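Participant: Have a look at this one.
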Amino acid sequence: RLVAVGYSQQERIDYDETFAPVARIKVICLFLVYVAHKDFTIYQMDVKTAFLNGILKEEVYVGQPSGFVSKQYPDHVYPLDKALYGLKQAPRVSFNVLS
Numbered sequence: 001r002l003v004a005v006g007y008s009q010q011e012r013i014d015y016d017e018t019f020a021p022v023a024r025i026k027v028i029c030l031f032l033v034y035v036a037h038k039d040f041t042i043y044q045m046d047v048k049t050a051f052l053n054g055i056l057k058e059e060v061y062v063g064q065p066s067g068f069v070s071k072q073y074p075d076h077v078y079p080l081d082k083a084l085y086g087l088k089q090a091p092r093v094s095f096n097v098l099s
C-alpha cells in the first residue's frame, strides 16, 4: 500500500520506479523533416488531462490535506481509483493510457 500526502513519497519505500518520457530535439527535428518531406499535416494535441484519467494497478491511499481535516475522522484516508497529477506513478499510468 502507498499513502501519498503531498510530496512525502520516498523512492524504494513508497514506489519502485519513476517514468518521465522526454522527446529529444533531434527526434523532433527528424519528425518535422519527415513530415515536410511527405507533405503530411500535423495537428497539435492537448494531453494535460491524461494525468487524471489513468487507472492505477496498485492500491494507493491519500490522507486528508492539512487545513481540511475532518473533526469526526481526523485519521481517515481514502483509496484512489485513478492517478492524480502530483502522484509519482501518474506519468507511467498516463503513458499506458495513451499507448
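Using UniProt numbering, the final residue of the sequence shown is 99, and nothing's skipped along the way.
Note that beta-carbon positions come from the ideal geometry of N, C-alpha and C, so glycine has one too.
Note that the structure is predicted; figures quoted are calculated from it, not measured.
What residue does the beta strand (DSSP E) around Val60 start on, and which one ends it?
Facilitator: Element bounds for Val60: 60-63.
Participant: Do you know how far the Cα of Gly63 is from the Cα of Gly54?
Facilitator: Using only the alpha carbons, I get a separation of about 20 Å.
Participant: Buried or exposed: Ala83, going by 16 or more other Cβ atoms within 10 Å of its Cβ?
Facilitator: Label assigned to Ala83: buried.
Participant: Please classify Lys82: does DSSP put it in a helix, a strand, or coil?
Facilitator: Lys82 falls in the strand class under three-state DSSP.
Participant: Are the beta-carbon atoms of Val93 and Lys57 separated by less than 9 Å?
Facilitator: Yes.
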